[in-house]
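**Student:** In this note's numbering, the protein residues as written are 2 to 76.
Let me give you the structure first, and then I'll get to my questions.
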Amino acid sequence: MKLSCLRCGESACVTCVEGDACLVRRLQALGLRPGKDVNLIRRAAFGGPLHLRVGSTEFFLRPREAESITVKHAV
Numbered sequence: 002m003k004l005s006c007l008r009c010g011e012s013a014c015v016t017c018v019e020g021d022a023c024l025v026r027r028l029q030a031l032g033l034r035p036g037k038d039v040n041l042i043r044r045a046a047f048g049g050p051l052h053l054r055v056g057s058t059e060f061f062l063r064p065r066e067a068e069s070i071t072v073k074h075a076v
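This is the structure:
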């Protein structure tokens, strides 16, 4: 499933990060790498950015960028 499909409060494990090389490097620098857990804290109104946490790092990500990240529900 895509990261953009998570519900607020849900956690998932990153399985794949796709896109152009620049985007992939930026996402990996934020900690979005295969094997890492990510938590969706909240969604901004009107299709705005997603508020995410990876480890102790919190950041916002555009929904279209979240579409390039495949995750599976954390167990």
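All C-beta atoms in this analysis are idealised placements derived from N, C-alpha and C, irrespective of residue type, glycine included.
Once DSSP output is grouped into helix, strand and coil, what is the label at Ser57?
**Tutor:** Here residue 57 corresponds to residue number 56 of the sequence shown, with the count starting at 1. In the structure shown, Ser57 sits in coil (DSSP, three-state: anything other than H, G, I, E or B).
**Student:** State the CB to CB distance for the pair Cys14 and Gly36, rounded to an integer number of angstroms; the pair is presumed to be in contact (CB under 8 Å).
**Tutor:** Counting from 1 along the sequence shown, the entry for residue 14 is found at position 13. Counting from 1 along the sequence shown, the entry for residue 36 is found at position 35. Going by Cβ atoms, the distance from Cys14 to Gly36 rounds to 7 Å, so yes, they are a contact pair.
**Student:** If we call anything under 9 Å between Cβ atoms a contact, is Val55 one with Lys3?
**Tutor:** Within the sequence shown, the letter at position 54 stands for residue 55. Within the sequence shown, the letter at position 2 stands for residue 3. The answer is no: Cβ separation not under 9 Å.
**Student:** Residue range of the beta strand (DSSP E) that Val41 falls in?
**Tutor:** Taking the sequence shown and counting its residues from 1, one reaches residue 41 at position 40. What sits at residue 41 in the sequence shown is Leu, not Val. Element bounds for Leu41: Asp38 to Arg44.
**Student:** Hey, Ser1 and Asp38: beta-carbon distance below 9 Å or not?
**Tutor:** Residue 1 is absent from the structure shown; the chain starts at 2 and stops at 76.
**Student:** In angstroms with no decimal places, state the Cα-to-Cα distance between Arg26 and Thr16.
**Tutor:** Stepping through the sequence shown from its first residue, residue 26 is reached at position 25. Stepping through the sequence shown from its first residue, residue 16 is reached at position 15. Arg26 and Thr16: Cα-Cα distance of roughly 15 Å.
**Student:** So if DSSP puts Thr16 in a beta bridge, which residue, or which two residues, is it bridged to?
**Tutor:** As a working mapping, residue 16 is identified with position 15 in the sequence shown. None, per the DSSP bridge assignment.
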